[in-house]
Amino acid sequence: MKKKVSIIIPCYMVEQYIDRCMNSLLNQTIGLEHLELILVNDASPDHTLDKLLHYEAKYPDSILVINSDTNLKQGGARNLGLNYASADYIGYVDPDDWTEVTMFEKLYNKAISYDCDVVTCECKRVFSEGTSMGKTGANDSFYIIKDIPSRADLLISGIGNGGVWSKLYKRSFLADNNIYFPEHLSYEDNFFGYLVQMHCTRLYFLEEYLYHYFVNYNSTIVKANSPHHYDRLTIELMKLEELKTRGLFEPYYAENEFNFLSTYYFNTLHIIFTRFIHVPVDIVNQMRQEVLRHFPGYDKNIYLDQFLPETYKMLMYTIPTPLNQEEWDTIASVYR
């Protein structure tokens, strides 16, 4: 029987979390017989692989374990898993998260009914066990992107971008548009998600909380003073070059400019302010220079007044103005 959905789970040192994740997937109402769970062990040094192999042995018709001898990080592990996927629709789940048991049935039904490239639902960040879900889907939205103005609206809305774990993708859509994850880098979903927005033509937004995103304070994404946070700078510069290669930079210049300002500069500053003891002035100066190099007219962007949060507007003056360590640390203290 051909599977309906392939779910790819990149696994690195998650032996203490994987059971919760797997329980939510094994009990999906779409039926385990319709799922292909692809578990990618990303060179875990603990007993993660043993646990994955246990699941594969127990459910050989629905679970495939792939063992990578080198650590590819989440993006590379997802790319590897996609090479083995056989279903027409692809989902991604992180191993320390879990889903509502109805998630993939609901996403799949919308994908089929509306012939979607992408279906997305709401997710809720979970800081402790027992967080309840909400919303019923009363405000669902269906988007048909047929021209530059409609795509520009989608890009600014942010729908379809962000975390890949709350979505279902048509496999042929990803393949036809060569949409992939950067490897060996964190924040890889910023690259992937923006390409999805740039290429999708039919997107359904299911306004229902179906995914539980577990905030793990031991992960590299939230760890203080972690150099992994600088990967987001590399990712955003890679994204600009990819857009130019695909001929998608100039047609959406204003949208790309706003996205770069928001993601590369302001969002990264916020991470630096809240997760670093001292602001790395050399890194921030590099960020300023990249904004000025790629978007010298950034302050005239048409979306700034309406869509840039007030807390970020207060930082606009820092782009053309070099500041010293004391000045940056003073600014950072306001955001902590």
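Heads up: the sequence shown is residues 19 to 354, going by our numbering.
Beta carbons are placed, not taken as given, at the ideal position from N, Cα and C, and that holds for glycine.
As the structure is a computational prediction, the values presented were derived from the model and not from experiment.
- At the C-beta level, V83 and N45 stay beyond 8 Å of one another.
- Of the candidates F276, E140 and H217, the residue whose Cα lies closest to the Cα of L224 is E140.
- Around the Cβ of S204, a 10 Å sphere holds 16 or more other Cβ atoms; the residue is buried.
- Under the 10 Å beta carbon count, T348 is surrounded by fewer than 16 other beta carbons and is classified as exposed.
- For the pair F122 and V23, the CB atoms are nearer than the 8 Å cut-off.
- In the DSSP assignment, R264 falls outside any alpha helix (DSSP H) and carries neither an H nor an E.
- Taking C-beta atoms as the reference points, G178 and C134 fail to come closer than 8 Å.
- Every unbroken stretch of the beta strand (DSSP E) spanning 3 or more residues and falling wholly within the stretch 31 to 114 is given here in chain order: 53 to 60, 81 to 86 and 107 to 110.
- The Cβ-Cβ distance between D115 and H246 does not fall below 8 Å.
- Annotation for I320: A272 place their beta carbon closer than 6 Å to its own, counting only its chain and skipping 5 residues before and after.
- In the structure shown, I301 falls within a helical segment according to DSSP collapsed to helix, strand and coil.
- For the 8 Å CB-CB criterion, I48 and Y126 form a contact.
- Here the alpha carbon of S62 sits roughly 28 Å from the alpha carbon of I290.
- By the Cβ test, the stretch 96 to 115 is in contact with the stretch 25 to 41, since at least three Cβ pairs between them sit closer than 8 Å.
- Taking a C-beta distance under 8 Å as the contact criterion, R264 and N208 do not qualify as a contact pair.
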